[in-house]
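Please read the structure below before turning to the comments.
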Amino acid sequence: MFTQVVVHRPRPEFRGATLAYLQQATLIARSVQGIVEAVAWSEGDGERLVLTTTWESAAAFTAGEDALFDLFQGVPFEEWMLEPLDVLLLDEIPPPAPQE
């Protein structure tokens with residue numbers, strides 16, 4: 115598995131718009147080939163909103179990332195956010211092999 119984590123820290127006046135956008139984006143992202151799961155998260159105090167997409171593999175992400183990024187065209191992140199988006203690309207660390 116491969117996971118992309120995108121941390122959004124919206125300006126207070128754009129929090130609602132950011133949240134609504136992320137909710138819509140998760141619905142659409144779930145139809146992108148190779149995505150296993152797409153979820154929007156809110157930090158307890160609501161300051162940060164997080165979008166996670168889990169992919170079948172890093173290769174699936176590479177193959178499908180353009181379709182995912184198309185969802186974000188025209189979104190005024192520079193206006194909405196207090197700081198640039200923080201993006202993490204995470205490879206799954208498999209559990210150790212059972213010892214015999």
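Just so you know, the working numbering puts 132 at position 18 of the sequence shown, and the rest follows in order with no gaps.
Idealized CB from N, CA, C, for every residue including glycine.
- With the rule of 3 Cβ pairs closer than 8 Å, the segment 116-128 counts as touching the segment 187-200.
- Under a 10 Å Cβ-count criterion, GLY160 is classified as exposed, with fewer than 16 other Cβ atoms of the shown protein chains found around its own Cβ.
- TRP169 counts as buried, since no fewer than 16 other beta carbons sit within 10 angstroms of its beta carbon.
- The beta carbons of LEU185 and ALA143 sit closer together than 8 Å.
- Judged by beta-carbon spacing, GLY178 lies beyond the 8 Å limit of GLN137, meaning their Cβ atoms are not closer than that value.
- A distance below 7 Å between beta-carbons, with the five flanking residues on each side excluded, links PHE191 to the following residues of its chain, in chain order: LEU199.
- If the five residues before and after VAL153 are omitted, its C-beta is found closer than 7 Å to the C-beta atoms of THR140 and THR166, all from its own chain and listed in chain order.
- In this structure, the beta-carbon distance from LEU133 to LEU163 falls below 8 Å.
- When DSSP states are grouped into helix, strand and coil, PHE186 belongs to the coil group.
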